[in-house]
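In what follows, a single structure is set out as structure tokens and then discussed.
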Amino acid sequence: MELSKRQERIIEIVKEAGPITGENIAEKLSLTRATLRPDLAILTMAGFLDARPRVGYFFTGKTGSELLTEQIKKFKVQQFQHVPIVVKESVSVYDAISTMFLEDVGTLFVVDDHSCLTGVLSRKDLLRASIGQQDLNSVPVHIIMTRMPNITVCRKEDLLIDVAMKLINKQIDGIPVVRDTEAGLEVIGRITKTTITKVFVELITNDQV
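For the sequence shown, our numbering assigns the number 212 to the last residue and increments by one with no breaks.
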């Protein structure tokens, strides 16, 4: 996060004199305690400072990059998952290609009548199927899709950084977010490389995510 000049000065004071009370910090800055309270709250919540009752504020010793790393490691899938783009097993390859184009996604999730995951379709799968003389309207996607157990999934409680590693290691564009049901793995969301990229870019540019 980007700090104001006053917040940077507060950190300097705490580094030099900590532990130090809020009243003493305010006195050094010629400000009232009430004026300083929002800055101290921000610095404490961000992890630059820590506070102990009847002791005061002290510097945690962590840099901005270290705090950013800690923040990223706490993110969970449920905070960033998007609506999944799904197709039924009986849908034709032609219709799947149209859906992928219209939705502007790189991965489609194939589901049964219970909205449970049965397969995944990538751009490569659809491109491979479109090469040749076969009628794409007559070929159902279940013929060409990737099936379990060769599908990588995640759950909403998973850490986002772990899902990012799966995307990299498996060299795939997207992962379905699933929920365990009696009928199977119900698809409830998706995490993609674009999702991960947006999170990191917004963090670095100090936007709220």
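All C-beta atoms, glycine included, are put in the ideal place defined by N, C-alpha and C. As the structure is a computational prediction, the values presented were derived from the model and not from experiment.
Query, Result
"Buried or exposed by the 16-neighbour rule on C-beta atoms within 10 Å, applied to Q84", "buried"
"Three-way DSSP call (helix, strand, coil) for I88 in this model", "coil"
"Nearest to V89 (by Cα), restricted to the options R126, K79, V113, K76", "V113"
"Residues bridged to V113 [DSSP beta-bridge criterion]", "V90, G122"
"For K65 and K31, the rounded distance between their alpha carbons", "23 Å"
"Spatial neighbours of I164 in its chain, beta-carbon cut-off 8 Å, leaving aside the 5 residues before and after", "I75, K76, F78"
"Neighbourhood of D161 by C-beta, 8 Å cutoff - its chain only, sequence neighbours within 5 removed", "K79, V80"
"Reference M151, options P41, I14, V94, G187, closest by Cα", "G187"
"9 Å Cβ cutoff met for R193 and R158", "no"
"Cβ contact check for the stretch 93-100 and the stretch 126-141: 3 or more pairs under 8 Å", "yes"
"Among I175, V190, D53, nearest to T121 - alpha-carbon criterion", "V190"
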